[in-house]
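Okay, structure first, notes after.
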Amino acid sequence: MLDKKYNHLKTEENHYENWLKKGYFECGKKDAKPFSIVIPPPNVTGKLHLGHALDTALQDVIIRFKRMQGYDTLWLPGTDHAAIATEIKVTEKLKKEGLSKRELGREKFLEKAWEWKEEYAQNIHNQWAKLGLSLDYTKERFTLDDEMAFAVKTVFVKLYEDGLIYQGEKIINWDPASETALSTEEVIYKDVPGYFYHIKYPIVGEDKYLDVATTRPETMFGDTALAVNPKDKRYANLIGKKAILPVVNREIPIIGDIHADPKKGTGVVKITPAHDPNDFEVGQRHNLENIVVINKNGTMNELALKYAGLDRFECREKLVADLEKEGYLLQKEAIVHSVGHSERTGVMIEPYLSKQWFVKMRPLADRVLKNQKDKENKVNFVPARYEKIMNHWMEITYDWCISRQLWWGHRIPVWYKDEEIYVGINPKEEAGWVQDEDVLDTWFSSALWPFATLGWPLKTELLNKYFPNDVLVTGYDIIPFWVNRMTFQSLYFTEKRPFKYCLIHGLIRDKEGRKFSKSLGNGVDPMDVIEKYGADALRWYLTTSTTLGTDIRYDEEKVASTWNFINKIWNASRFVLLNLENEKEASELQDEDKWILTKYEKTIHDVTKFMEKFEFQNVGSILYQFIWEDFCDSYIEMAKFNLDKESTLNTLKEVLTGILKMLHPFMPFVTESIYQELYGKETSIMISEYPVYDKKKIYQKELENIEDLRKFITKIRTLKQEKQIGKDYKISLNAPHKELIENILKCQEQLVDDLNTGEKITINDYQAIIYYEKKITEEDKLKLEKEQIELKNSILKREKLLANENFVAKAPKELVEQEQKKLASEKKRLEEICKSN
RNA sequence: GGGCGUUUAGCUCAGUUGGUUAGAGCAUCUGCCUUACAAGCAGAGGGUCUGCGGUUCGAGUCCGUAAACGCCCACCA
């Protein structure tokens, strides 16, 4: 028997191990349609947060639902090596131990990184278990495992051979803190206060100068020209002349280029090809020299003369002071401008000329755009609007910088020997070949996740069966990094979309709508929530409280209220279990049994429909209402008078079982506990069959009849409450189910002679007269007057509506009939009120 | 500059293809320890759906427009 009180800790204790032991999570059910999801692999850098809890709970809801529907389900787990994020964390950890990455060397560092990975992957496993996720661990993968390495190399080599990967010297986004190149997606633009420094560049051979505005004076050591717009009359005559670069005293040409916008700044722009992407383009057009003046760590190099060795910002400060001293600083104008920062380290990005590997995006992106026009084979986003995000990215995309100057990651499969280059899956046998030092962007491997985890490039059975995946679930912030890249890689290498549906959820914010962040200290650890309220409560709250695609404001009160809901289910189950042991007599279904069975059937229908459309919020509200209001508050209360009848006990058990099954994808633990009380410890709800809607089980007449009874009861109770009628009142009934009504109201019918003293209550076939000592207060009078006015207005409105020929002609017949009925009852009520006054 | 989202009860959110009196949780008020549950039960009050205009017999829902808040992308000498 269930304990007297719901205890989430105890309830969630042993099931997970049991499910694992029985192999319920494993795919491979024979003669069943496959259904697959791959987990977005969490980074092995830390603890799972509420966002992970939401993301994985959604997937578990779907996979458990499909499993119960009979599908051969695969939910494939795994973790991401997260190249840059992990490398930073490991480096920090080493630092605390007094070790430096460089001193340790590549191999030793990687050993440490693998140790880190093992530890954090273990943490993640523990957290997944706490959350109750039905992951098939026999298929678990890691983005840096050997099979993945093979897939990554295969992809790299093929793209290289197809001309879609190339090495190039370009301006890339450089992170001076972690000393690596980044992709544009890893750069976050933030508005920061700064200055426009107006600097005087004297013109050679003339007594004039040009006023050049820049936000980054420290890059002037790398200036190789000044540009003006050829159409700009102010400066056109200067094109071809030379200017003197202050401090450095180097002569640089004044060139004409459309890049210079006469409306911006002073119309003159300094050209620093090695430190600005636009300037680089200008430099290419005019054959300018590219002069790198900043070191990889963000300090100035020897070309910065006396500023060499200073940090770029320190240099800026000193340089500006010197320029001012020497009269070169014309103006210092305060502005707010948008500056790129590293997603991981937070430092300002340095646009930096360097040799990197790139993926040529245009052809790959075009293929996605084309595929999205194919209704049969496109990736279907839920909500659909997120497709635009992907398509837009594909339209404007530019080449993807994939090389990273890190150690933790897939090493680029390229070898060099003198001037020769070799790109291949395996290293060259002969001596003298040196492998590229760099590793690949972590997303280069995660982009292959949906198919590489299933064995690709080998033609495996898994791949054949579970690819394309049915669903992918992730947050909208990951679309550019991951969803887009999986899509183009999948189309290119498998000729198929990676997944049929892409469910996009929002971010979890705090109660005030702010992002969770370390600096605000507003973080919530899902494990703490589970400890306090249970995984079942957390999962239900996260998956049913909002619609997909919109952000969630985390509200602990709502988790607490979910706990109450589960407690309610627990107690209702106790009630059913306690009474199933009763001595019973055979009986036909009662009307109230038929009523709840009909409601139950309709609930199955609607819940299934919304589960299939991934509208879990709707599933949540339907189940909540059905369970609490219909089953607990109404049916169980009515059933209390039939606890010796077989039909009622069977109905209680049947409906409770269905409720547990429909709840199970959301609350796996508590439903399993109760189910095993009902059917034995050796059974499991997670492999039971999901309820199937059967329209033959709809009893429409009884449904309406009992609905009337419920309204009738409520009306009488309202009257009792409003008129403060105590226990001693007399009632005469002209209604079906007299006995049930008396039981529910705890009253007994008493006939009274003077029928006029009573208050009449009518709902269709249900009529009652309540006799009580009337004390009409001022309040009552006001209330009646108010009702009278409202009735009159409503009658007028309805009469007008029904007099409208258009309405009568065009509106559905039932609606017109309803309006007529309502009008009649309103008129009747008005009459009653007038009479009583 | 381009795009998207949000705006519904005191708070947090639902609201299907336009169709009864716009829903829920929490909060509030009233009455109840009724033998599953006081973390509960029985009732009640509270919103004209951001503003304006339009389509329609009928608009929270569709169209146009304005505003506030938020997000994404691009640009930024």
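If you want our numbering, it's the 1-based position in the first sequence plus 730. Glycine is no exception: its CB is placed at the ideal position from the N, C-alpha and C atoms.
Own chain, CB closer than 6 Å to residue i, minus 5 neighbours either side, in chain order
i: residue 1165; result: 1145
i: residue 1405; result: 1390 and 1415
i: residue 756; result: 866 and 868
Buried/exposed call for residue i, threshold 16 Cβ in 10 Å
i: residue 1564; result: exposed
i: residue 906; result: buried
i: residue 1351; result: exposed
i: residue 782; result: buried
i: residue 1249; result: exposed
i: residue 896; result: exposed
i: residue 1156; result: exposed
i: residue 988; result: exposed
i: residue 795; result: buried
i: residue 1093; result: exposed
i: residue 913; result: buried
i: residue 1043; result: exposed
i: residue 773; result: buried
i: residue 785; result: buried
i: residue 1447; result: exposed
i: residue 952; result: buried
i: residue 830; result: exposed
i: residue 891; result: exposed
i: residue 821; result: buried
i: residue 1067; result: exposed
8 Å CB neighbourhood of residue i in its chain, flanking five on each side removed
i: residue 1449; result: 1455, 1489, 1491 and 1500
i: residue 1313; result: 1374
i: residue 1119; result: 1206, 1209 and 1210
i: residue 1103; result: none
i: residue 1538; result: 1532 and 1546
Sequence-distant residues of the same chain with beta carbon closer than 7 Å to residue i, five excluded per side
i: residue 1123; result: 1210 and 1214
i: residue 1318; result: 1377
i: residue 789; result: 767, 769, 805 and 1203
i: residue 1108; result: 1101, 1102 and 1227
i: residue 753; result: none
i: residue 1032; result: 1038
i: residue 1117; result: 1102 and 1111
Those residues which DSSP pairs with residue i across a bridge
i: residue 911; result: 904
i: residue 982; result: 973
i: residue 1130; result: 1089
i: residue 1170; result: 1133
i: residue 1030; result: 1024
i: residue 808; result: 871
i: residue 957; result: 985 and 999
i: residue 943; result: 928
i: residue 917; result: 1072
Residue j beta carbon less than 7 Å from that of residue i
i: residue 1082; j: residue 904; result: yes
i: residue 1003; j: residue 959; result: no
i: residue 1140; j: residue 1176; result: no
i: residue 939; j: residue 932; result: yes
i: residue 1137; j: residue 1089; result: no
i: residue 1402; j: residue 745; result: yes
i: residue 1074; j: residue 814; result: yes
i: residue 1241; j: residue 1269; result: no
i: residue 1385; j: residue 741; result: no
i: residue 1060; j: residue 941; result: yes
i: residue 927; j: residue 944; result: yes
i: residue 1264; j: residue 738; result: yes
i: residue 922; j: residue 1070; result: no
i: residue 1392; j: residue 1353; result: yes
Integer Cβ distance of residue i from residue j, believed to fall under 8 Å
i: residue 1424; j: residue 1331; result: 6 Å
i: residue 798; j: residue 1418; result: 6 Å
i: residue 1368; j: residue 1470; result: 6 Å
i: residue 1183; j: residue 808; result: 6 Å
i: residue 771; j: residue 1087; result: Contact doesn't hold; Cβ gap of about 23 Å is too wide.
i: residue 1058; j: residue 929; result: 6 Å
i: residue 956; j: residue 994; result: Actually they are not in contact, since the Cβ atoms of residue 956 and residue 994 sit about 14 Å apart, beyond 8 Å.
i: residue 1152; j: residue 1201; result: Not quite, the Cβ-Cβ distance comes to about 41 Å (not below 8 Å), so this is no contact.
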